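**Q** The numbering of the sequence shown is this note's numbering, which starts it at 1 and goes up by one.
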Amino acid sequence: MTDSADVRAPALPAQPRGGGIGRGAEPPSEQWSHRFVEANGLRFHCVTAGEGPLVLLLHGFPEFWYSWRHQIPALAGSGFTVVAPDLRGYNDSDKPEGIEAYRMSHIVEDVVGIIRAFGRERAAIVGHDWGGAVAY
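1. Using the C-alpha atoms, what's the distance from Arg116 back to Ala101?
2. Assuming the contact rule is C-beta atoms closer than 8 angstroms, Leu75 and Val55 should be a hit. Round their C-beta distance to whole Å, please.
3. For Leu42 and Phe36, I'd like the C-alpha separation in whole angstroms.
4. Quick one: using the 10 Å Cβ neighbour count with 16 as the cut-off for buried, is Phe61 buried or exposed?
5. When burial is assigned at 16 or more other CB atoms within 10 Å of the CB, is Val47 buried or exposed?
6. Can you tell me which of Gly77, Ser93, Pro73, Asn40 puts its alpha carbon nearest to the alpha carbon of Glu63?
7. Just list the residues that DSSP pairs Arg43 with in beta bridges.
8. Where does Gly24 fall in DSSP's three states?
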């Protein structure tokens, strides 16, 4: 070990691209598309990109699809169809009334319905935080 080291690292920008969180910071839209699908009697907003085996990205609480903005292009570029839905009650997806509407069994049925809405019977499911519990 030496007394001093010459360590160099790239400088990080002071702010995210676009100046902050939300649509202004969104990477170029040609990296993905927005669409709505019907599943389990509800309308779900989904962001999609790529072609290949289906990967479903489930966000945490209190997030929405945007929390996957860095992983979407990477997975799509690696040969996957990527779908990042806004789960029931979040962002642009339907928000049914009553606590009963948010039981885990209903949310799991939503995920199965979203997979089928994309014409698939199976998917690799990745979850973060609350989305991890749903994925499990």
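Even glycine gets a Cβ: it sits at the ideal position worked out from N, Cα and C. These numbers were taken from a predicted model, which means no experiment stands behind them.
**A** Answer, in terms of the structure:
1. Here the question's residue 101 lines up with position 101 in the sequence shown. Here the question's residue 116 lines up with position 116 in the sequence shown. When rounded, the distance between both Cα atoms is 21 angstroms.
2. The residue you call residue 75 lines up with position 75 of the sequence shown. The residue you call residue 55 lines up with position 55 of the sequence shown. About 6 angstroms separates the two Cβ atoms, so the contact holds.
3. Position 42 of the sequence shown, counting from 1, holds the residue named residue 42. Position 36 of the sequence shown, counting from 1, holds the residue named residue 36. Each residue's Cα considered, the two are about 10 angstroms apart.
4. Residue mapping note: residue 61 aligns to position 61 of the sequence shown, counting from 1. Under this definition Phe61 is an exposed residue.
5. Translated into positions along the sequence shown, residue 47 becomes position 47. By the 10 Å Cβ count, Val47 comes out buried.
6. Your numbering for residue 63 matches position 63 in the sequence shown. Answer by Cα proximity: Ser93.
7. Locating residue 43 in the sequence shown gives position 43, where the first residue counts as 1. Answer is Glu38.
8. If you number the sequence shown from 1, residue 24 lands on position 24. Confidence is the limiting factor: at Gly24 the pLDDT is only 45, short of 50, which leaves the residue's position unreliable, though a coordinate-based value still follows. Reduced to three states, the DSSP call for Gly24 is helix.
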